[in-house]
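Enquirer:
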Amino acid sequence: MEKAGRADTYQVPPEWSVREDDSHDVGFVKVIRHAGRSLEAVTNAPRADFTLAKSSLHYFSLAYANIASGYSPRPLATCVGPAYSMRAERSLAMVGCIASPGMSGGAVYHVSSTAPKGTQVGVISRALETVNGPATAFTPFGDVELLVFRLVDSFHR
């Protein structure tokens, strides 16, 4: 496998580092280019998207489950399905997906045909009960995350 570079700097939103707001449990890392190529180019990965996530699209989530007692090697918890708006907040709910302790901050990717599949659009925030059953809430990336992403991307230019 081609070497992709090494981590250089990182940043998390103050909403997470100061207030522990689980709807902003995300961090961005700047990876030094390797042989002039970005991490996205080396891995053929799409960049994060800060405006794509919307109700009724399909998503794929993955995260470590039940790590409250410490890490142990096991498969990641995954879920695929549509997500729906929650009335009083900007989070979306993936009904039928059950989040367990430790999954907060797990990645959520877009998998609908409306845009490139595999684009990260948010992170898991918590488990919740809805009128349609258990669900995993995730917060789409927005202005807060875009600001942190741009800040990290500007380091060491």
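Residue numbers (my numbering): 527 to 683. Note that beta-carbon positions come from the ideal geometry of N, C-alpha and C, so glycine has one too. Predicted, not measured: the structure shown is a model, and the values here were computed from it.
Just to confirm before moving on: does the CB-CB distance between V647 and H584 stay below 9 Å?
Expert: As a first step, residue 647 must be located in the sequence shown, where it is residue number 121. As a first step, residue 584 must be located in the sequence shown, where it is residue number 58. No.
Enquirer: Can you look up A567 in the DSSP assignment and give me helix, strand or coil?
Expert: Taking the sequence shown and counting its residues from 1, the one referred to as residue 567 is at position 41. Of the three classes helix, strand and coil, the one that applies to A567 here is helix, per DSSP.
Enquirer: Suppose the cutoff is 6 Å on Cβ atoms and the five residues either side in sequence are ignored; what does the same chain contact list for A539 look like?
Expert: Here residue 539 refers to the residue found at position 13 when the sequence shown is read from its first residue. Reading off the sequence shown, one finds Pro at residue 539, where the question assumed Ala. Excluding residues within five positions, the ones whose Cβ falls inside 6 Å are H550, V670, V674.
Enquirer: With S581 and A614 assumed to form a contact (beta carbons below 8 Å), what rounded beta-carbon distance in angstroms separates them?
Expert: Translated into positions along the sequence shown, residue 581 becomes position 55. Translated into positions along the sequence shown, residue 614 becomes position 88. That pair is no contact at about 14 Å.
Enquirer: By alpha-carbon positions, which one of A579, G553, D547 ends up nearest to T645?
Expert: Residue mapping note: residue 645 aligns to position 119 of the sequence shown, counting from 1. Nearest option by C-alpha distance: A579.
Enquirer: Could you have a look at F505 and say whether DSSP puts it in helix, strand or coil?
Expert: One cannot answer for residue 505 here, as it falls past the ends of the chain, which runs 527 to 683.
Enquirer: Helix or strand or just coil, what does DSSP make of L673?
Expert: Within the sequence shown, residue 673 is the residue found at index 147, counting from 1. Looking at L673 - three-state DSSP - the assignment turns out to be helix.
Enquirer: Against chain B, with Cβ distances strictly below 9 Å, would R616 count as a contact?
Expert: Note that chain B does not occur in the displayed structure, where there is just one protein chain.
Enquirer: With distances taken between CB atoms, is the gap from V621 to N592 smaller than 9 Å?
Expert: Residue 621 sits at position 95 when you count from the first residue of the sequence shown. Residue 592 sits at position 66 when you count from the first residue of the sequence shown. At least 9 Å separates the beta-carbon of V621 from that of N592.
Enquirer: On the criterion of 16 or more Cβ atoms from any shown chain inside 10 Å, does G632 qualify as buried, or is it exposed?
Expert: Taking the first residue of the sequence shown as position 1, residue 632 is located at position 106. G632 comes out buried.
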